[in-house]
Amino acid sequence: MLEFRRARGLNPAGSVALQLLGVFTFIVCRIPAAAPMPTPYIAPPMSPRQAQRIETARRLGIPVRYLDLVLSQGEVPYSILFDHIRQGGPMRRDAMNELRKRAPDAALAWLNHIERKGLWSDLTRCFHRNGSEDDTDVSLLKSTLAWVEGQQKSSPGASGPAEVAAALTPVADVGKEDPDNDPKTPKF
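Count along the sequence shown starting at 1, add 224, and that's the number in this note's numbering.
Below you can see the structure in the form of structure tokens.
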């Protein structure tokens, strides 16, 4: 019987191997299966109606978003243009292009200035929600006139770059000289 107990004794190496196998199996079973690769987005095919709308808008030289308005009313109303200008982004770009077509020719330079400087609030003040389309045209022209007068007042009599530079130099500092000819330290 003593020999039987010795023969049946525990095998420490086998026990460790069995425990490691159990731990390894547990870890491997906890790992999720590989997720399938996401398929790239493929836009649905364009309907013939949408293709026709895009082609019509391209021929008319207008953005597709204004196609229905142009076909029904002949032009985009100022109310929609100014709403899109307020919203910003690509809608603002399209609205500014349409506003240039619609606005009086004398206001085009002012509109370019507004777009370059980002003075959208000055532009949106020209639209009168309760007024007519002609009121908006008059406001655009008044704002253009005020801008032109402001340009002339800021540089009186200056017509060339040399005269503009001379008009911008301060008069008070021209006659003063530094008595000790020392360079001045910058003031912070």
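From the three backbone atoms N, C-alpha and C, an ideal C-beta is built for every residue, glycine too.
query: Measuring CB to CB, does L343 end up less than 8 Å from L335?
result: To locate residue 343, count along the sequence shown from 1; it is residue 119. To locate residue 335, count along the sequence shown from 1; it is residue 111. Cβ atoms of L343 and L335: not closer than 8 Å.
task: Enumerate in chain order the residues of its own chain whose CB-to-CB distance from T280 is below 7 Å, with the five nearest sequence positions on each side excluded.
output: Here residue 280 is taken as the residue at index 56 of the sequence shown, counted from 1. The answer, listed in chain order, is L291.
message: To the nearest angstrom, how far is the alpha carbon of L245 from that of M270?
response: Position 21 of the sequence shown, counted from the first residue, corresponds to residue 245. Position 46 of the sequence shown, counted from the first residue, corresponds to residue 270. Each residue's alpha carbon lies about 57 Å from the other.
- request: Leaving aside the five residues before and after I309 along the sequence, list all residues of the same chain whose C-beta is less than 6 Å from its C-beta, in chain order.
  value: Residue mapping note: residue 309 aligns to position 85 of the sequence shown, counting from 1. Around I309: R316 and A319.
Alpha carbon of S296 to alpha carbon of K377, nearest angstrom: To locate residue 296, count along the sequence shown from 1; it is residue 72. To locate residue 377, count along the sequence shown from 1; it is residue 153. If I take the Cα positions, the gap works out to 45 Å.
- prompt: To the nearest angstrom, how far is it from the Cα of G285 to the Cα of N321?
  reply: Sequence index remark: in the sequence shown, residue 285 carries index 61 (1-based). Sequence index remark: in the sequence shown, residue 321 carries index 97 (1-based). C-alpha separation (whole angstroms): 10 Å.
query: Does DSSP put R326 in a helix, in a strand, or in coil?
result: Translated into positions along the sequence shown, residue 326 becomes position 102. Helix.
Member of D307, Q276, V294 and C350 whose CA lies at the smallest distance from the CA of P328: Along the sequence shown, one-based indexing puts residue 328 at 104. Of the candidates D307, Q276, V294 and C350, the one whose C-alpha sits nearest the C-alpha of P328 is C350.
- request: Give me the Cα-Cα distance between S303 and R353, rounded to the nearest whole angstrom.
  value: Locating residue 303 in the sequence shown gives position 79, where the first residue counts as 1. Locating residue 353 in the sequence shown gives position 129, where the first residue counts as 1. Spanning the two alpha carbons is a distance of roughly 7 Å.
field: Pair within 8 Å by beta-carbon distance, L364 and A331
entry: Position 140 of the sequence shown, counted from the start, is the residue given in the question as residue 364. Position 107 of the sequence shown, counted from the start, is the residue given in the question as residue 331. A contact, by the Cβ cut-off of 8 Å.
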